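When you read off a place in the sequence shown, starting at 1, and then add 16, the result is the number in the numbering used here.
No residue lacks a Cβ here, since even glycine has one placed at the ideal position from N, Cα and C.
These numbers were taken from a predicted model, which means no experiment stands behind them.
Contents: one structure, followed by commentary.
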Amino acid sequence: MTYDDLSRALADPMTLTAYHLDDLLELSRQYPYCEALHRLLLIDLYRSEDVRFPAELKRRLMYLHDPFSLLLALDATSGGPQSHSYDLIDRFVRSYRPEESTVSEETPAATPSAKSPTKTGRTKRETEAQIVQDFLDEGPEAEKIRIRPDSKEDDVALPPEDEDNGPLPGEELFTEKLAMMYASQERYAEAMTILKTLNLKYPEKSGYFAERIGQLEQRRKGLVAD
């Protein structure tokens, strides 16, 4: 995939073809926290009617800030659902969109700690800009965007592949584990929203979830060292 290919795809996903799938898979492994790459890959898999779409959807949907926008994008690129795979997103989004919309506007955005300036603290725009910068740094020899030599698949924080390509287990994705994943990325607002939703869903565990929410609030304020 050339720089121009990637730029066109970011501007208009309709330019993607099955030819770009392998490059998008490699780029998403190299930049696992770049939401735009996950979106482009899922759109391309869907438009190509690739059999890997359901499995990749399970692994990557949690990385999207607004899954409902992906649903609209897929609908726009194909003119409507092509298979049962479309229903996987539909069921997940319609089940959890009300809870996701309850994020408090008063909650300040998490600020990356000075001790851990890792790529997990980068914004989506910064990550996308880094992709372009990496390409420019290679100069005229950078005909193609490719995986870095020191890149290891084991370093990528994608969930493991699941042999079961059945319906998306939305209730399993929207769990404390997902909340802790957000917390590890210092996205405390999202983590606390998930825990508050679970607290409402499982009132018998309200004490436990209240404690976890309190711990995250302390970490967000820098009262507890990571």
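Less than 8 Å between C-beta atoms, sequence neighbours within five positions excluded: which residues of the same chain meet that for residue i?
i   : result
A89 : P29, R55 and I59
Below 6 Å CB to CB, which residues in the same chain sit around residue i once its five sequence neighbours on both sides are set aside?
i    : result
Y198 : E206 and A207
A195 : A207, I210 and L211
Flag this pair as yes or no: are the beta carbons of residue i and residue j separated by less than 8 Å?
i   : j   : result
L73 : L53 : no
A25 : T18 : no
L7  : L43 : Here the chain has residues from 17 to 242 only, and residue 7 is not among them.
By how many angstroms is the C-alpha of residue j removed from the C-alpha of residue i?
i    : j    : result
R76  : G223 : 31 Å
K193 : L57  : 24 Å
I229 : H81  : 21 Å
E233 : S200 : 13 Å
P70  : P219 : 33 Å
F225 : T33  : 45 Å
R45  : D21  : 18 Å
N215 : K221 : 7 Å
R68  : L86  : 17 Å
Compare the Cα-Cα distances from residue i to each of the options and report the closest residue.
i    : options                   : result
E227 : R236, L194, L211 and L216 : L211
Y35  : Q46, L86, D66 and A27     : D66
M78  : E233, R235, P48 and R68   : P48
K237 : F225, S23, C50 and R203   : R203
Which residues mark the beginning and the end of the alpha helix (DSSP H) in which residue i is found?
i    : result
S23  : Y19 to A27
T213 : Y204 to K217
Q201 : No alpha helix (DSSP H) contains Q201, which DSSP labels as neither H nor E.
In chain order, what residues of the same chain lie with their CB nearer than 7 Å to the CB of residue i, ignoring the 5 residues before and after it?
i   : result
E51 : Y79, L80, H81 and K140
Of all the CB atoms in chain C, is at least one closer than 8 Å to the CB of residue i?
i   : result
K74 : The structure shown contains no chain C; it is built from a single protein chain.
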